[in-house]
Structure formats: structure tokens, C-alpha cells
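Chains as they are written, first to last, in this note's numbering: chain A, 1337 to 2007; chain B, 1337 to 2007; chain C, 1337 to 2007.
For glycine and all other residues, C-beta sits at the position ideal for the given N, C-alpha and C.
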């Protein structure tokens, strides 16, 4: 059992090694002025710590740790293994990845290690062993930060060898592998394990990375394998640390929207705490980070760390407008609202050089605290000082679960089907947004989670259904649960082989339908849909559905299949199972979700929904904290529920009826 | 002399090896229910038949052949050489192609053999030898299907060596090669044959494959060479078969719109019958498949086999909407109308896995005959059972020929000229459509065909004119023929070297004009053209023409060359030669084609043209079959000519005055 | 001291080696008919001159030189080193470049030599040595033309080795290099010189060539290094020539808009005369070639040679419409107006083959002089015969300097900042156009030029400020100069490391401002700006400016920073320093430039500005030649200043009040 982090962390990545030692003290004074209490260090210092194989010099890192410890900072200690030194590439070229085009990469950039390369694994472990031995006993170190933002893929000879071994473990025999991969199509039978080649641009795949492949089973397995190899490298670092320090939490930072190449649900069990780097772009709708925070929180069903975010601008997106007054505070509090027990920035001090020198920081190039951005950071520091102790230990509670599944993410976007426009994340967000707009709390769960704790489970585009899942869903519905899925559901097994006997395969009985065929729509074309009194539209796909027990909720109102079912509802045992046969336009989807929520007897946190995000964290003593966030650049109304009887924890004042742009309140009931 | 196929074939690709043997009987029952009488097998079974070099196991194929033979199916036997086994790549890596980027490909996909690799040729021939020896005597085998959809290009060392030899045969001396390739430009002189390198992205070409090259002669010759090498590999398989079975027709299946990399006109002589795979996309205008069918029929001036098409959707185009009710039947009959003596599908049974598992099939994943698609297939089976015997032996007859020439296809799209917008197929289709809209039958011929059988020969964009062609065209016109060509005609010889003395080079006297220079138009810009009473427009290019004997048919009406000739007509001997100096807008082109047809005294099959396709096949006994097809999703009028005195061969009823969407009639005169 | 070229040159590239010797005499007669007096030869004849290493045959070149000399042509002699023979690639593959993807290129194309490859340098020098020895004494050779259009980049092992040596010279120690490259970021410390790798797609760079890189210092240094290596190869050829012929001017031809990869300002000192190839596209606005000619003239502050242009169309741009009547003459005279002492064409005779066979020429494929294009060339020849002797020795004079700096070109477009839309040339042209539209003569200078000769120095986007520059600019302003710069100015040093203490870094005191932060705008978004009475707009970026001594000239009128400074002006000593914080819309920029010109007391050549280009060359005797050019396809008014008292040097007539489309007058005052 690990020692939990005891404090709400406010701080971020700090690279004092880029600066003269005499400036560190002044930096720390500035951080303290903003109530910053923590620093993540040593994320990219391998070459600084080790000028050659077997040689280490920790004197500068010692000084940094000493200075931060003396200032009573909570330290998150990086392992520095995400960027390899030049000498390592020079000595062991195989540590560099081979890319999708089959090209070995050389020294440069970062995040480019081959996870199976023996030299990388040996020397990374040696570095971590030295670090852990040296700093294991420092009580200011509250967590170990392994590597950085795992991702990407390697297609090298080492990986190919390891892949063959991994497949042998998975399938035992080539007969099973040939069956799983359907190799009788196009003469792909494998007779010896060493005939298997990685699915890159020169082999079985074609087009750019991530697009259509010939042997879907091969590609799916390679994605599984690479995610597993990365996780294995992570575990190597983690166990090396734990040999010296079994108490302090260890994690790596997750990232992206989310990262497609790392199955975070499979990784979660190896993370002592979930940490996430959040970088919405200027035009990202507010529900997308909300979705991602809900996903991160649900990975372990416990609060997570917001590990990186920017105090002002990023520098690697196409356009980074300034955050408007109040915007930084509101968006950081959005993460807290959804379960973050920290606010962390990249970076505490803006670098003079390197690729991210124009990325925002607490201390900017101007090196003065007299800036708009620093002023906002100070105010947020005050808020978090008040809020943190009240929130620590509180949780988010949801009666609706949205299923997000990496195997489906992979399979759906790789499939050569009747439309090329399958964007799994966007399709999932269509549904997430419906709950978000109603202030209905949502957990974003895996297919392996326990459904029974939810009143409603929504699993859009559940194309790949692995063994046992259909039975578990059926039991859930029969037991009173409510379940919704959509077109493409139930088509294939875990190797992307089709379930015969009619779509949606093993979900047919649960849903009470048979889908005979599906129409596909080019962009800007759609089919009319009659739903209650409303005529709405469907796009992307339109399933031609035969109800076999289900009742018809909506019908198509154009095309040759006008009058047939577009949406169905199947009463089964105590629950209902819904099927949505097309990509409903927002208005239509909204009307449908109203029906579904009514059936599941789920309501939002507010009945009044003026476009303001409302979230709730509940403390162990039952105290509820309502985050009321205006995440827009226009003023908005306070939801009526909060007009009386609530007080803002941060100002101790009753909330006003109008919310300024980017206003962010944390309300609790007055006693 | 080969034994012709005696029956109208209805069937398609069937892969029983992907399914349990006990299911085959049931499959055959379903096929018979739809009147399906043939199956193409063994197209991709190399690895199944041969687990290692020299080892063969035909037991499963024997069983398949036995079962189909017992059911009296006509079998088209594939050679399985289009997808190589994994063990072959492992043992002989050189069988994989080197791509335009210079990269050797490894095991995966299909259609990726190097046509000159000795190991591939030896082992492919050995497989075919075993197959032919084993099945030569089976009377149910009505044809051999060699390889599959030849295409693509290899740039490997073996090909480079073979290319040098091919060039030595073509040019005999380096002086001739240097002259043909104009190597004095940019210091490209070749002094030894082994200095010649393939024109890939690392060499003389630049940009992506298929774009502008430096030494046009090199690129043209490499295209000729690769097409010839593919054809040589095809001949290797064919002669191997013929050693065992000299009677049964042998072919490979042509494809695409059409395939750019294979000169089908050069191949036609080695095909015992032309076979074509037809996959129009959802937004393909109906005249495009018509053009392609006419091209296929004209390759040997005899009926062809529609070898592949989809009974419902494809899965590899961007969007595959469902075929609307009637659409499948009408579009399959379109192929028959233009000369197909078969309706064949890919595929008879939908695969569970692999890259095409969502491609439509006669037996779908639902594995029931109670589907809309199967119902339509049954109806078509009934129709073909009636129609086939009447049509076999009939031919299409045309008085208009449209010239399509692979050398021009290559040269025009590679040329670095004054516009980058040269799309040979689209430009040819501009003209084809004019005849199509008038229901004027057209043959799509090569420059080597006999012109004298036509009243009108249209050769748009005849940029590359090889020796002798100008004389043959001149003789044709003098003898009473009518000829039309367009801007870019006559500019270069077969090596893309310019004919000096003024454009259109060797066609100057024939056309009675000199083109001094050409204007080029960016997209959306055009020049006005006065044609008779009408003011129309020209785009893409506008030639500045000096009539030298020709009369002016249309003039430019804007730009500094307003008033000069845009279209000319030259009376020569008994015929006329027309020149169109710009890409006329459809209305202008239509008015011009009216004039040209009037001059050539050619009329369409109907005077009434309500947007319905009318085609005619004529039986040896003189009986005419009129295919009247409404290839749209709206209803249309029956052309007035058919209002009385005709009966539908399929229904034995007189046709109604209105045609439903996708209505397809086959009419003959009542006696 | 070199012998200057004594005549105004009219001619161009001529490749008689592509034609039978018996045709040369006729060619020369045609050239003389057009008053052509010069020919550039031997630009691409390496393989023709040398069939193998060490073997030379100059007999054909001798004949060419003899024939041109006999006809009294001025000869510009190429060195033929820009296109390598096939045998050279075959024997020494390392002469081919390795591209950004790490791929060695093979024989083909041109301009593809590695500048550091020993075999290339040795054999190129040997060829040049033979040429120079042979032709040094021919008095008809008026210049040596080295290589051709240097450009591109090599990333091979030879270059990597040479780069390490170049860096050792530049930095002396790795400590200095590590500091310059900020290698403490992302663990990039270099401990041995041989750990340094070239910044290509497999190493530290990512994305396509020319985009964002990780270690900016590495990328900038590699750009400097490659430009220096190319220049070194040029010097090798030049000194080889000078060993035989120390008198005749030597140059290579510059090109593009301008070429990004060659620092022409660094090269200028090694060019005896600047030569430039000018190929505006059909839609290039007239101010762009004007800018480029001004840049070329300013490189050595003396007239330059227009070395290539097309007499009609080019063939390698996407679209090449015909030049309209008068257009060729007017655009060639535009070059002369801006300082060209020649009009040279590519090409004198149109090739039959090769990549540029459809590029325009004096003798076209029609091989007749009875063409519109030849007629225009004859007229221009007459004009130049009159004009040349009057103009030779005259100069252009400017009181406004626009700074164009290759290091900024590189750094700005590589930077990972808050917008991806930084197009240095376009941003510079924004400002150039303002002066162009007012007929204000401009020199386009480097940061190392002497500012004191100008009344106004405009340096937009002066992002990278090298040591000493801020002091020089400050002294210039204090001494009465006027200076303008824009957002992004002063941010980084010569290694792209940020100047701390607030933007614009070392220019803060000069400009009297501090820029706290910058807003970024996606395309089509903008901020309102109040400038005098006008409300205009800013886009791309908007700096939030604190005036610290400067006065506010314009303010933002929208966004949360409405009311703060958008443009400032700082009075310092006798001069003023202006800062423009956003990309002003043209109308706003125009109003601002009016103010700036008024402050600097600079006026245009005409007060009346009806959209006609007016330029002036001044002869040593004080005689002014006014080029009045209507560079549009519409007629325009003569600026009122010229209505009386001027005569056209070419026609000896007073100018008319209306200028026809493409009218081009060269006026001088009547006595």
C-alpha cells in the first residue's frame, strides 16, 4: 500500500538545471508568492546526469533537491528516461525507433526509444536504480514520475522478434493464429513463427500509419503488443524504484485526447495514481476536456492529478491566442471539478532555448511578476489554498456510464467499411456532449468495468465485442439496467472477424433487432428521421433495421427505406436496450436522450441549463461542492437552483444572478 | 483455336476454402436458387496449396472442384499467383517489389510481386504447371483465370537489369537511345548501358509517382517496359497452362478506369477473351462505365466477360451507399448492353475476415436468403436465364470510333507543359459523353485499329503521334472518313520529342492549320467562343490557330485573340478533318458534335433523347435487342421510338410510357 | 579589379550542341535580326565534354565558340558543373545528395551534387580548369557563369563530417556549442563532436523539410553551413578560373523569390556581378519582381544582370497563360528600370526534348520568325539598342531601406511560436508594397549595410537580432534616422535563444516599449485598430504593449486589451523609432506609412499615383531616366508630373495622357 499524496498540489515542471544556481532562490520566492507548493523535476536530465555509460554525476541534482527541500516544496521526481543522450544513440544505434516507413531514427527529439531494445532497457533501468537509491529517503519526494508521455510505435527487428514471442504466448499454435487473423484470405497463411512481419508501410499495411490494413488481426495485435511493451518498460522502471522505495506513489503522465496508441485502461492497474497532461486548443469545445477528465478519473475510479497545463499559451498548436481574463482560472478549476487533486503547469520557468521556449510559464522571459498572467496565477494560488483542504478526499459520483474502449478505437478507425469517416472519439463525444449539456455526471468506463453501479450504460459504436461482454450486458439489462448502443455495434469479435447470423451479432437478442444492411452517406448528405413530433436527420450511416422484439422509437422519413425503424427500444427483464441506427443530428439526439434518461430515471444536477457547466464533488462527510463554471467568453445566467441557499467557498458570498465571462464559482449550501 | 465459353455466365468469385466443407453444399443450393451457374475459384490460394517450396497439397481444391462439378457448375480456375505466401518472401526477399521511393517491400498485401524476379517467375510457373496438369481434363473448367488485376510498378535491381536489356533490344545503339531521350539536355548522355537507372524518386523523376519527369523518353520507356514485363509474366503462366490444356480459354481480369500502368491494347492479343472488373463509385456518372465497357469490347472487337462487380456495396471506396431498388439489376444489364456475355460478382459468399469482409456478396454475413439483395439477385437470375441464350453470339455495332491510347495517357499526364490540369481520361470522357447522350454507339479503339470501318474517328488530345499514324489518318479522311482532334494534337513523337515546323506537327496538312501558340487558363477562367448563333466558353487551353486551308467553324470572342479561329474544319478528299482548339463547355461541344455528326451522316439509335441510355446488340440472324436503361434515381420517359411495336424480352409486355427509377428493359420488335 | 562588361547585353542561354552544326549559322542570323548581341553557352555540357573521368573533347565547344566569336557575339561561358554525367554517379555514388529523408539520390535531374563530396569537387574543378585554360584568352567571353542556380541541401555523411569541423571552427569548445544550442533542454548535451548528427527527418527535426525543429541552433547552423559549403564550392570554381583568367568577371546566377537556402548577402562579395533569373508567375503582383530586382541591385549596390527570363511562357509553373501584347516588353523593362544592365532569356532556341521543351524561346519549335513573340522580341531589340548606351553607368538611388535578412528568414519560419502562419517574404512584401505603390525608391539591404545613407530604415519582423545590431540601430536613430520594426522584433539572439528581461529585448530602449505578451489570430480573425480617424484591423498577431517612453500612434479597438497601444513612435535623439504591434490591414498600414514618410521627409517620385510604376535611373552626368510602366492589362493615366516637358527616349515623342495596357515609357526631360 502506497502513501497517498497528502496535499493538494499547486506547481509544475521546473528545470533549474537550465539556469544558474544563484537564481534558484529567487525563483522559489516568486513561486511562494503565488502559493505554489510543489515542483516536478528531473524529467529530461539523462545526459546531464550521465555523460557516458556508467558515469554519473548527481551533484547538481543534489543541490536542486536540497534547495527545494529546504523551501519545503513537495517534489515529484522524474526518471529522465524519455529523452536519450547523444552518446547512447552513438554507442547503441538500436535504441532509436524504426518508423512506419521502415527507417531507423537517430539522435534527436525525445520519446523515441524502442521499448524492447536491450540497451535502452538496461541503461534506463540503471539510471533509475541510481536515482531511486540516492533519493528514496527524501521525505519531500511525494511521487516518482516515470519517463514522460508514453506513445508512438516502433517497427524494428527487436520489436518484430518480441512480437513473435508475444503472439506465441497469445495463440500457442499457428492454427489458432491463422484462424484469428483469417489468413485464408489472400494467401496469408503463416507456417512458421518467423514468417510474421510487422505491419508497416512496407508490409501488410498500406497508406499512412493508422489507416486501413489488410490483416486486421495482425494490426490489432501489433497495437496491443506495442502498448504492452511500453507498459512493460514502465513497469521495469517502476519495480526498480520500488526496490528502493516501496512507499511513494509511482506514475507516468497520460496525455492527448486521449492517446490512441496506449491503452490507458490496461495501464491503470500499474499506476499508483492517474496523472494527465491537459492541453485543449483555442477552439476546443469545453465538453472535450470534461470528457477527458471524466475518463482519467474513471480509470481508477478515484481522483487524479492534473499533471500539466499551460498558465498562458502553448507554442506547438497551430494558433495559441491569449487566454482571456479569467479563462486560465476557470479552465484549471474545470479539471478540479471533474476530480483533479492538483493544478500543475508546464512550466514554472520559461526556457531561453529549445523547442518549447515560447510555451507559457509562471516565470516568463520578462522575469517579472508584474504581468497579467502572474497576477492571475497568484489569485488562483489563493483560491486553491482555501479549496484544496476542503476537497481532498472528495469524489465525483455518476449514475451514467459512457463506454470508451481502446480496442474499438483501433478497430473502428482501421476498418475498411462502407464509409471512411469513422472518427471514434468524435462519435463518442456526440453522446458525451448530451449528458454534459444537461449537467448529468458521467463516468467514462471500460468494457471491463462493473456496469451494475450505473442506471444507464451508453456504449456507442461498440463494433468489436469480445467474449463474455454480450452476456454481461444482457445480465445488466435484465437486472434493471438501461443500455444504449448504435450502428456498427456487435459486428466483430476481438480479432475483427465478423459474427455470422446477422448484425449486431451477439447483441441481437439483447437489442431485439436484426440489421440487414446499412446505407452510407457522403459528407453533407443525410436521411430524414421522424422522432416523436420532430423531423430530424441522420448522417454517416443508416442501418436498415428489422425489429425482432424491440419497439420502434424513430423511423426514417426519406429514402427507399422511409417508414422503417431508425431507433429502437427493447424491454428486457427489468431494463431496456436502445439501438440508434444512424448518426442523429444534435436536436434529434437530444430528444432521444431525454427519453432514455427518463426511462433510466436519471436527472442532471440542475434542471435549469443556461449553458453553464455544473459539477459536483462530494466529501466523505456528505458535503457537496458545486462547481459552477461559465466556460465561455460571454456572460451567462446562474442556474436557478443556486439562486438561494448557496455560498461561494472562495468568496464566502452568495452567487450573483449573472456570471461574468469565465466566471468560476465553487458553491456549497448555507447551513 | 480455343473452345469458346458456351453459356452466358452468372456467378462470381467463390472461396469455399475459407469455410467448412460441410457448408459448401448449402452454399451451392443457395446459388442455384438464384440461377447462378458458375464460380471462379482458387484466385488467392497459393499459400493454402503450397506450405513450402516444392510441397503441394491439392486435396481441398480437389474436393471443391468435385463438389462444383457434381453440381454442374461452370468453373473458372484461378492460378493463385497474385498473392505470394509468407514463406516465399522469407526465402526469396527479392520477389517483393521495390517502390518508387526505392524501398523493398516485404510480405503482406497482394499484387506485389516483381515481374522480373527469377524466384517469383520460377515458382509461379511451377504452381501453374501443377494446377494445369491436375485440372486440365475437367470439362467443367470453362476458362483459366491467370493471376489477378495486374498493375503497379517495380523499381528493383532485377528490373533495372532487365530494363537495360529491353532498351538494348529497342534501340540497338546508345546513339539511338541518346537521340530518343534527348540526353543532350542537362548533360544526360549515356555512354554505357549500365549507367541507365530506373526513373524513381531518387533518380531522374521528381515529385510523387506519375508526375512530371526530367527525361520523358526514359519514363515512357519504363512504362512500356513494365507493362511488357507484366505481360511477359502473364504469358509465362498462359503458355504453362496451354502445355497441358490448349483448348480452354485463358485470360486475366482487367480493371480500373482503366488501369494506367497496363497497356490493355497491347495485351489484348494474348487474352483469349477480355475480362473486366467493374466498380463504379456512388457518384460515377453512368457514361463512365459505358465508356469502359465499350473500351473492353473494342479491345478484341468481340463480347467480353464482366468478371467482377458487386451485388450490393463495395468496402474500399470512400463512401458506398446502398444500391437503390433496381439499381443493381440496371447497372449489371448496362454491362450486358455494351457487350458483356456474363454477369459475375465479387463475391459469392461474404468472408468473415480480411480486408474485404464488408464487400457485398450473394451470401451475406447474415447467411439468409431473406434479404432485399438476395431477392434482387434471384430476379436477375431469372432475367439472365431468359436473356442469355438469345444474346450469346450477338454483337454491338458502331460507326463512330473514339481513340484511347495508352502512350498518350502516359505522355500527356507526365508532360511539363503550360498547364498542370491534363487529365487524359476526363478529357476523353468529355467527348464520349456527347455520343452517349445521343445514344450513338461508339467503339473505343487504339491508334492501330482499322479506321476505315468507321464514319467518324474522334481522337482528342492526340499529343503523341507515332510514325505512320498521320499518313493513315490522312488516307482515311481522303477516302471519305471524318476525323476530329483537339488542342495538343501532333506535338510529339513516340519519345515525347517535339515535331518541328509548327504544331500540330505531322497533322498540319491533314487539319489545314498551324497553331502558333497556346494560352493556358487557371481553374475557373475561360475564354468566350462564338459558335454559330451561340456564345459558349473554352477553358484549360486555347490554341491560336492559323487556318491554312481549313475553314473556321468557331472563333474566340474574348482575349486579345478574339475573332481568330477556335474550331476549324478541313475538307480533304472525300472527308473532313476537324480541330477543336480549346476545351469547349458542354453546350458548345454539343453544338459542335451536332455539326460533326451531320457531316459524317451518323445518327443515334433514338431521335428522342429523354436522358435514357439506349444500346443495341444485334444477333447473327439480324434480330436487334434494344437495352433501354433508366440509370437514374428518378423516373423518365420512354423514348418515343419504342412507344409502339416493341415488346420486352423479359416480361413479354409492351413497354410503358414512363420508366421507373432504375428501370431496365430489353426490347425487340414485335413480329 | 575585373574588366566590367562594356555593353548592354541582349540575348540568353543557347544550346547549339543540341542541334546540327549546319543550323547554327541560320540561328545566328535570326538572333541578329532581333538585335541580340550575346549568348550564354555551355551551362549543361559536362557529359558532352567528358565521356569518362579524365577524358575531354572540346571540339564541338570550340566550333560553337568560333562561330559565335566570328559573329561578334558576347559570350557568357558556363562551367557545366550543375548537372553531373551518368558515369560520375556510377563511379562515385557519393556525389549524389542524401535528402532530408536520409536517402542517397542517384543519377538524374540536375542541381543534385553534394557540395562537400571530394569526388565532385575534384572533378568539377578539373573540368573548370580545362575550360578556363582553353578559353581564357577569347576576348568575346565577357563573363564566366559558374554552375547554375545553387540551392538545395545535402544531409550525407560527408556533410555531417564537414559540419562537425565547421562547428569546431565556430564554437571552439563544446561548452560554447551546448550553450548556443540550449542543449540542457530535453537532454541534448553533446560530449564529443562526433555525437552531432545532421538535422534531418530521422534526427532532431520533425515534419517536412523547412518546418519546426527541436534544436533551433542546430538547424540554423546547418542552414548557415550548407549555404557556406555551396559558396565554398562556388569559390573553388571561381579561383580555378581566375588562375587562368584574372580579368573577366565571374558569377553564378541567383534565383527564386528569393532562394531561401542560399544567403545571397553573404555570397555577394564573391560575385563579380550579381546575376538573377526572374520568373514571375501569371498571378504574381508586379511589386514582387520589383522587390526582387531591388534586392539584387542592393546586394552590391550596383546594377545587376537580368540573367534569365522567358520571352513567352514557362513550362514548369502550374499555369502559364500567354503574355499579353506588350507584356513581355514591359516586364523586361521593369528589370532594367530597377537596375538591370541586360535582358537575357532562357532560351534562345527551344529544345525538342527534355524537361523544358515547352519553355518559351526566341526561336520556337515552329522555327519561323513570323510569330507574334518574335515580332515583340525584335521591337524590344530595337529599343534596347537605343536605350542601352544611355543607361550603362547609371544607378538607382533610394532614401528608404527595407531590411531583408536570411537569418531571420530561417529563424522566423522554423520557430515553434504562437502561430504557424509566419511567411517572412510575404510579411516583408506587405511593407515593400507600401513604398512601391507610392513610387518611393527602396533599397533592400542586409542588417550589415550602412544605415546612415538612408532617411528611413524599415526592418519588419526583426526577430533575430545579432550582437551589435541594436547599438547600430540606436546610433542611427539618435543621429537623425527613422526606423520602423514590428511584432516579433528583438526576441532572440543569433542562436534563437531568447533575450531575457522583456520583449523586444535589446531593442526595448530604442523603441521605448515593453511587450508583455502577444495574442494570436487564426485565419479570418482579427482585432480592430483605431489609427487617427480610421478604424482598421490587425491580424496574425497582436502585441500587448507597455509604452516606456514611446507615444501611442494607434490603439486596439476590440478584445480585452482595447484601448492599449497597437502602434508606437519613440522620439530618440534626432530620429524616431516606430513599432507596429500587429499585421495591419492594407488601409491601416497605408495611413501609418504616410505618417512615417512624413516624419522622415521622404516623398515618392510622383505625387500623382494612378497605379503606374515609376522608377528612375540617374546617369553620371545627372541625366534622369524615368521608367513609366503600366504593368496591368487595363489602360491607365500618365502621372500628371509627366504631362509636360518630357519625351520618350525610345520614340522621341511626348507621352500621351493615357497609357495603353502594358505600355512602357522611358522618359527624360526635354531640354
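Residue i: which of the options sits nearest, CA to CA?
i                       : options                        : result
residue 1482 of chain B : B/1762, B/1809, B/1573, B/1820 : B/1573
residue 1804 of chain A : A/1423, A/1791, A/1830, A/1792 : A/1830
residue 1578 of chain A : A/1506, A/1472, A/1349         : A/1472
residue 1491 of chain C : C/1443, C/1563, C/1414         : C/1563
residue 1926 of chain B : B/1773, B/1859, B/1946         : B/1773
residue 1765 of chain A : A/1621, A/1386, A/1791         : A/1621
residue 1596 of chain A : A/1556, A/1630, A/1607, A/1580 : A/1556
residue 1397 of chain B : B/1467, B/1687, B/1450         : B/1467
Could you list which residues in chain B have their beta carbon closer than 7 Å to that of residue i, in chain order?
i                       : result
residue 1550 of chain A : 1444, 1445, 1691
Going along chain C, which residues have a C-beta under 8 Å from residue i?
i                       : result
residue 1423 of chain A : 1527, 1528, 1531
For residue i, does the count of other Cβ atoms within 10 angstroms reach 16, so buried, or fall short, so exposed?
i                       : result
residue 1706 of chain B : exposed
residue 1657 of chain B : buried
residue 1509 of chain C : exposed
residue 1906 of chain B : buried
If we ignore side chains and look at the alpha-carbon of each, how far apart do residue i and residue j end up?
i                       : j                       : result
residue 1550 of chain B : residue 1690 of chain C : 6 Å
residue 1951 of chain C : residue 1962 of chain C : 6 Å
residue 1847 of chain C : residue 1810 of chain C : 9 Å
residue 1882 of chain B : residue 1901 of chain B : 7 Å
residue 1290 of chain A : residue 1588 of chain A : The requested residue 1290 of chain A does not occur in the structure, where chain A is confined to residues 1337 to 2007.
residue 1801 of chain B : residue 1354 of chain C : 22 Å
residue 1775 of chain C : residue 1964 of chain C : 10 Å
Just to confirm before moving on: does the CB-CB distance between residue i and residue j stay below 8 Å?
i                       : j                       : result
residue 1545 of chain A : residue 1459 of chain A : no
residue 1339 of chain B : residue 1731 of chain B : no
residue 1399 of chain B : residue 1698 of chain B : no
residue 1780 of chain A : residue 1592 of chain A : no
residue 1525 of chain A : residue 1418 of chain B : no
residue 1434 of chain A : residue 1424 of chain A : no
What residues from chain A crowd round residue i, counting only those whose CB sits closer than 8 Å?
i                       : result
residue 1522 of chain C : 1380, 1419, 1445, 1446, 1690, 1691
At a CB-CB cut-off below 8 Å, which residues of chain B make contact with residue i?
i                       : result
residue 1426 of chain C : 1528, 1530, 1531
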